[in-house]
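Input: a single structure, listed below in structure tokens.
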Amino acid sequence: MKTIDFINDRKETWLELEKTARKISGVRRPRLDDRQVVSLMHNYRRTMADLSLAQSHYPSDPLVSQLSSLVVRVLSIVAAHQEGDLNRIRRFFSYTLPATILKLSRLFLVSLAVFGGAALFGYFLTVLDPYAANAIAGDRYVFMTLENIEKGKPFAVYESGLKYAMSGFIMANNIKVAFTAFAFGAFYGLGTFFILLYNGLMLGSIAAVFGNHGLLFDFTTTVLIHGTLELFAIVVAGAAGLRLGQALFRPGDLRRGEAVYKFGVEAFQICAIMVPVFVIAGILEGYVTPLELSRAGRILIIAASAVFLVLYLGIPTFYHLKRRKEDARHEAFPSIRMSN
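1072 is the number of the first residue of the sequence shown in our numbering; add one for each residue after it.
Have a look at this one:
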């Protein structure tokens, strides 16, 4: 048999094996169903047999080197996937997390728009009518804030002798708000919208109270010491809740129950990933925010928080996108020869 006939007769098996290998090569611990595993093993055995034939009949042909490279590659991938649980953690942060972030990116923008829009509305409403803050944030909080401003200690609300207790309470409360925003997505996303609107209105209204006394910049930089992480995590939790609501409202080609399970798992994963962010935010709010820092010091901490978010979420997502582009390029230019 001529080399060209040999290639044309068996190339589909090689290309299928290479496609599977390329699919799982960037995944530390892929999940293959039974059919995919059987297909992988079947194609691998056939390719091994073809390699043996090629070595016997076409020893000097470049095809031998290509098939050998493919077989070794598959073996190395399978061997790598036999490592311990550390691979599962790496896989989660290098594949599952970035993939979920990309899926939720549009919903994140919707969540941010709802929260930000509500904050702006609350701010301007309170600027026009200062008593609106009483209706939104409550009389007790507004009167306490005004009293602190008059005493020259506008941010005394963050001061506490039991910092560890305050920090723990803040962490627990913020995590509860986030998971409430996620869980309320079960009401077709309307509950999540309500949580985002309410928290946005309150933030904007309180900002206006400080702004009416010429303290808007100091309020913003003080709150963002912990709020950079905290508000980001709440917006992400809002996106997770909207994802759950999307499963009920627009399940697509899936059955509603299947969509709820699939989207719910994705949403819960991204929501759970925000827990460490809330922990750090709680520590900052309990221990750092009460300090009388200079404006430069506050801005430095805000910038450090933004860098942390980029390192924690942005870099894995960037590399995931880069890997997808490389995979697409390999799809367009497969390494196995199609003809002699």
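C-beta: ideal position from N, C-alpha, C; glycine also.
Identify the continuous alpha helix (DSSP H) that holds residue i and give its terminal residues.
i	result
Glu-1356	Premise fails: Glu-1356 is in no alpha helix (DSSP H) and is neither H nor E.
Phe-1214	1210-1221
Met-1273	1261-1282
Pro-1130	Neither: Pro-1130 is in no alpha helix (DSSP H) and is coded neither H nor E.
Asp-1289	1287-1320
Ser-1365	Taken as a continuous stretch (DSSP letters only), Ser-1365 belongs to no alpha helix (DSSP H), as it is neither H nor E.
Ala-1170	1168-1174
Spatial neighbours of residue i within its chain, please: CB distance less than 7 Å, with the 5 preceding and 5 following residues excluded, ordered by chain position.
i	result
Thr-1118	Thr-1084, Trp-1085, Leu-1088, Leu-1138, Leu-1141 and Val-1142
Tyr-1269	none
Tyr-1207	Note that residue 1207 is Ile in the sequence shown, not Tyr. Same-chain partners within the cutoff: Gly-1193, Leu-1272, Met-1273 and Ser-1276.
Val-1213	Ala-1204, Asn-1205 and Val-1280
Asn-1079	none
Ile-1351	Leu-1300
Thr-1360	Tyr-1229, Thr-1293, Ile-1296 and His-1297
Rounding to the nearest angstrom, what Cα-Cα distance links residue i and residue j in this structure?
i	j	result
Leu-1134	Ala-1125	8 Å
Ile-1075	Ser-1136	16 Å
Glu-1329	Leu-1355	40 Å
Asn-1411	Asp-1132	Unreliable positioning characterises Asn-1411 in this predicted model, as indicated by a pLDDT of 46, which lies under 50. A coordinate reading is not provided.
Leu-1180	Glu-1221	38 Å
Ala-1279	Phe-1192	10 Å
His-1297	Gly-1275	16 Å
Leu-1392	His-1128	42 Å
Ala-1184	Lys-1090	40 Å
Ala-1170	Tyr-1390	11 Å
Phe-1186	Ala-1249	13 Å
Asp-1289	Leu-1362	13 Å
Thr-1251	Ala-1190	19 Å
Ile-1305	Ala-1092	38 Å
Thr-1388	Arg-1394	10 Å
Leu-1300	Leu-1384	12 Å
Asn-1114	Pro-1130	22 Å
Gly-1353	Ser-1147	44 Å
Gly-1282	Leu-1196	12 Å
Ser-1165	Val-1145	20 Å
Pro-1201	Gly-1209	12 Å
Leu-1325	Val-1331	9 Å
Ile-1223	Tyr-1229	The sequence given here has Gly at residue 1223, not Ile. So the alpha carbons of these two residues sit roughly 14 Å apart.
Are residue i and residue j closer than 8 Å when you measure CB to CB?
i	j	result
Ile-1246	Val-1346	yes
Ala-1311	Cys-1342	yes
Phe-1334	Arg-1366	no
Ile-1373	Leu-1168	no
Leu-1380	Phe-1265	no
Ser-1376	Leu-1267	no
According to DSSP, is residue i helix, strand or coil?
i	result
Met-1237	Any reading at Met-1237 is ruled out, since the residue's pLDDT is 49, under 50, leaving its predicted position unreliable.
Pro-1201	coil
Asp-1035	The requested residue 1035 is not part of the displayed model; the chain covers only 1072 to 1411.
Pro-1347	helix
Phe-1077	helix
Pro-1462	Residue 1462 lies beyond the residue range present for the chain, which begins at 1072 and ends at 1411; the question has no answer from this structure.
Phe-1258	coil
Phe-1226	coil
CB-CB under 6 Å to residue i, same chain, minus the five flanking residues each way: which ones, in chain order?
i	result
Pro-1225	Asn-1219 and Leu-1286
Gly-1262	Phe-1255
His-1284	Ile-1220
Leaving out five residues on either side along the sequence, give the residues of the same chain with a beta carbon under 8 Å from the beta carbon of residue i.
i	result
Tyr-1259	Gly-1316, Leu-1319 and Phe-1320
Tyr-1081	Sequence check: residue 1081 is Arg here, not Tyr. Taken in chain order, the residues that qualify are Arg-1117 and Asp-1121.
Arg-1369	Thr-1292, Thr-1293, Leu-1295 and Ile-1296
Leu-1175	Val-1307, Ala-1310, Ala-1311, Arg-1314, Glu-1337, Ala-1338 and Ile-1341
Between residue i and chain C, is any beta-carbon pair separated by less than 8 Å?
i	result
Arg-1117	In the structure shown, chain C does not exist; there is a single protein chain.
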